[in-house]
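Peer 1: For the sequence shown, position 219 matches number 217 in this note's numbering, and the numbering has no gaps at all.
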Amino acid sequence: MKQKGTQTNSKCFVSENPKESCGLFGIYGIPDASPLIFQGLYAQQHRGQEGAGIVVSNGEKIRSAKDFGLVSEVFSKNPLNELTGHIGIGHVRYSTTGSTRIQNVQPLVAECADGIWAIAHNGNLINAKNIRKSYQESGAIFQTSSDSEILIHLLADPMYRLRPRRVERALQEIEGAFSFLLMTRDSIMAARDPNGFRPLSIGKLGNGYVFASETCALSLIGAEYLRDVLPGELVTVDSAGLKSSMFSEKQKNYSHCVFEHVYFAHPDSYLFEQNVHNVRLNYGKKLAEEYPVEADIVIAIPDSGNSAALGYSKQSGIPLDFGFIRNHYVGRTFIMPEENTRSHWVDMKLAVLPEVVKGKRVIAVDDSIVRGNTAARRVKYLREAGAEEVHMRISCPPVKHPCFYGIDFPTEKELVASSRSISDIKKLLGVDSLGYISLEGLLSPFEKPDNFCTACFDGKYPVKIKEKLTKKTLENH
Ligand code: SF4
């Protein structure tokens, strides 16, 4: 039976949130590693839903399986019991370079003169186009259109292959944002770019070692968090144990991606040594201090707005309620990377609860506004559900610039804040008030704010952009 006031229950929205580029998971020294790698990828599914893959080694033979789809879908078609081995790496993918084709799903596996290498990458390499071009001109053939493949070519190149510190030398050639897991028949390696854009942590499980983009994956399999891979560090694990070497000099400041804390990472993860939920809680508190307003309820745009909404409510004393309910059963069609794959679908992710918002002055807390279309529709539906006032609070500053370090933002032209004032955006969204956290507020939870990248807000790119890679940049080169 349709209840009075519930006519908007079916109004839902397409997510326009930026997308993460990938999640990594690796294991050394645990018998039957693949079920654990599956769990580690499952815990990081939020970092990429386009495809997933696992490569394992029993010390002699390397086996792999990868496909499009969620981790559970890929490994229902490719049984884990066929992936036997005590060493392995896995990957969940959202493409920021390289289009949607199976060759681009990682880990990438290649047979070089000295054996098989597998690689899994999170980030974006900003000099991939040039390196690729020079290899192609000298006769190399590329299997993928992903920037990650250039590392395989560098490793296979006799210039690096036949010299000491081969992996370190190869890593010195690439620029941009990267966390890599590399695997041979009998070892696993983890490397992080000198700026430390993307996270990568090391854990211990029994006699073995575990690597994960996010610590939530370590927790899920019961591994103990040891430390992060340092920016500019290569960690190698083989039968001799774990050893570390630096392939770059220590930077004066790092450039950890602050957007990981704003939106991407799971709330129970520790990222750049801070718990994600606590950071977001602080953002909410800060927003309440910076943009107070009289209202009846605070609601979150779930899920990434949840912790900040709680923080706003705690700081302001205004009660928190559930104005939106998230549908957790939306299929992956809705999270496919291509805009034209998504845009004609009605978003099934969030539904308004008119019983909560009707007649109320509502503060809606979201993590970010990208194009503005989704936010405008959310406001419209809140009003249709009877909200008397809608005040929007955003737990990051206006996103004005694209990211070239592994996050799939739209172009500058498409970003609503790139060419509009706050008051223009306020009008466009149809809200009664709009408040974005300040840049200082965004960095306030961190002991060393200079160690964070904020380029998408202030345009100060910490690593000079030489090539503006898109998903298609490497297709025809
Ligand atoms: S530009 Fe923005 S999204 Fe990209 S790495 Fe920097 S903070 Fe993260």
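By construction, the Cβ of each residue, glycine as well, lies at the ideal position given by its N, Cα and C atoms. Computed from a prediction, not measured in an experiment: that's the story for all the values here.
How far does the alpha helix (DSSP H) with Val363 in it extend, from its first residue to its last?
Peer 2: Taken as a continuous stretch (DSSP letters only), Val363 belongs to no alpha helix (DSSP H), being part of the beta strand (DSSP E) at 359 to 364.
Peer 1: What did DSSP end up calling Lys59 once you bin it into helix, strand or coil?
Peer 2: Correct three-state label for Lys59: coil.
Peer 1: Looking at the unbroken beta strand (DSSP E) that takes in Leu123, where does it start and where does it end?
Peer 2: Looking at the DSSP string, the run of the beta strand (DSSP E) that includes Leu123 is 113 to 123.
Peer 1: Between Leu180 and Ile117, which are expected to be in contact by the criterion C-beta below 8 angstroms, what is the C-beta distance as a whole number of angstroms?
Peer 2: Right, their Cβ atoms sit about 5 angstroms apart.
Peer 1: Please classify Gly49: is it buried, with 16 or more other beta-carbons within 10 angstroms of its beta-carbon, or exposed?
Peer 2: Gly49 comes out buried.
Peer 1: With a threshold of 7 angstroms, establish whether the CB of Ile435 neighbours any heavy atom of ligand 1.
Peer 2: No, the beta carbon of Ile435 sits no closer than 7 angstroms to any heavy atom of ligand 1.
Peer 1: Could you check what DSSP says for Cys255 in three-state terms: helix, strand or coil?
Peer 2: Three-state DSSP puts Cys255 in a strand.
Peer 1: List in chain order: all unbroken beta strand (DSSP E) runs of 3+ residues lying wholly within the stretch 124 to 192.
Peer 2: Complete beta strand (DSSP E) runs here, min 3: 174 to 181, 186 to 190.
Peer 1: If you drop the 5 nearest sequence neighbours on each side, which residues of the same chain put their C-beta closer than 8 angstroms to that of Asp184?
Peer 2: Closer than 8 angstroms at the Cβ level, and outside the excluded window around Asp184, lie Ser55, Gly57, Ile85, Asp236, Ser237.
Peer 1: Grab me the residues of Thr339's own chain with a C-beta within less than 6 angstroms of its C-beta, minus the 5 sequence neighbours each way, in chain order.
Peer 2: At Thr339, the pLDDT of 49 sits below 50, so the modelled position is not reliable; the number obtained from the coordinates is stated separately. Same-chain partners within the cutoff: there are none.
Peer 1: For His151 and Ile114, I'd like the C-alpha separation in whole angstroms.
Peer 2: The straight-line gap from Cα to Cα measures roughly 12 angstroms.
Peer 1: How about Cys214: is its Cβ closer than 7 angstroms to a heavy atom in ligand 1?
Peer 2: Checking every heavy atom of ligand 1 against the Cβ of Cys214, none is found closer than 7 angstroms.
Peer 1: For Tyr403, name the three-state secondary structure that DSSP assigns.
Peer 2: It is coil, neither helix nor strand.
Peer 1: Which of the three DSSP states, helix, strand or coil, is assigned to Ile463?
Peer 2: Coil.
Peer 1: Tell me whether Arg161 is buried or exposed, calling it buried when 16 or more other Cβ atoms sit within 10 Å of its Cβ.
Peer 2: Result: exposed.
Peer 1: Report the three-state DSSP secondary structure of Asn273 (helix, strand or coil).
Peer 2: Reduced to three states, the DSSP call for Asn273 is strand.
Peer 1: Please classify Lys464 as buried or exposed, where buried requires at least 16 neighbouring CB atoms within 10 angstroms.
Peer 2: Counting Cβ neighbours within 10 Å, Lys464 comes out exposed, since fewer than 16 surround it.
Peer 1: Cβ-heavy atom distance between Phe66 and ligand 1 below 7 angstroms?
Peer 2: No - ligand 1 has no heavy atom lying nearer than 7 angstroms to the Cβ of Phe66.
Peer 1: Among Gly370, Leu149, Val103, Leu269, which one has its Cα closest to the Cα of Pro408?
Peer 2: Nearest of Gly370, Leu149, Val103, Leu269 to Pro408, Cα basis: Gly370.
Peer 1: Taking 6 angstroms as the limit, tell me which residues put their C-beta closer than that to any heavy atom of ligand 1, in chain order.
Peer 2: Selection output, chain order preserved: Phe195, Cys255, Val256, Phe257, Cys401, Tyr403, Ile405, Cys451, Thr452, Ala453, Cys454.
Peer 1: By DSSP, does Cys394 sit in helix, in strand, or in coil?
Peer 2: If DSSP states are grouped into helix, strand and coil, Cys394 belongs with coil.
Peer 1: Is the Cβ-Cβ distance between Ser253 and Asn120 less than 8 angstroms?
Peer 2: No, the pair does not count as a contact, with Cβ atoms beyond the cut-off.
Peer 1: Using the Cβ count rule (16 or more neighbours within 10 Å means buried), how would you classify Tyr403?
Peer 2: Buried, because 16 or more other Cβ atoms sit within 10 Å of the Cβ of Tyr403.
Peer 1: Would you kindly check if the distance between the Cβ of Ile392 and the Cβ of Ser366 is under 8 angstroms?
Peer 2: Cβ atoms of Ser366 and Ile392: closer than 8 angstroms.
Peer 1: Can you tell me where the beta strand (DSSP E) holding Thr234 begins and where it ends?
Peer 2: That run of the beta strand (DSSP E) goes 231 to 236.
Peer 1: If you draw a straight line from the alpha carbon of Pro290 to that of Gly315, how long is it in whole angstroms?
Peer 2: The straight-line gap from Cα to Cα measures roughly 11 angstroms.
Peer 1: Considering only the beta carbon of each residue, do His389 and Val360 sit closer than 8 angstroms?
Peer 2: Their beta carbons are under 8 angstroms apart, which means His389 touches Val360 by this criterion.
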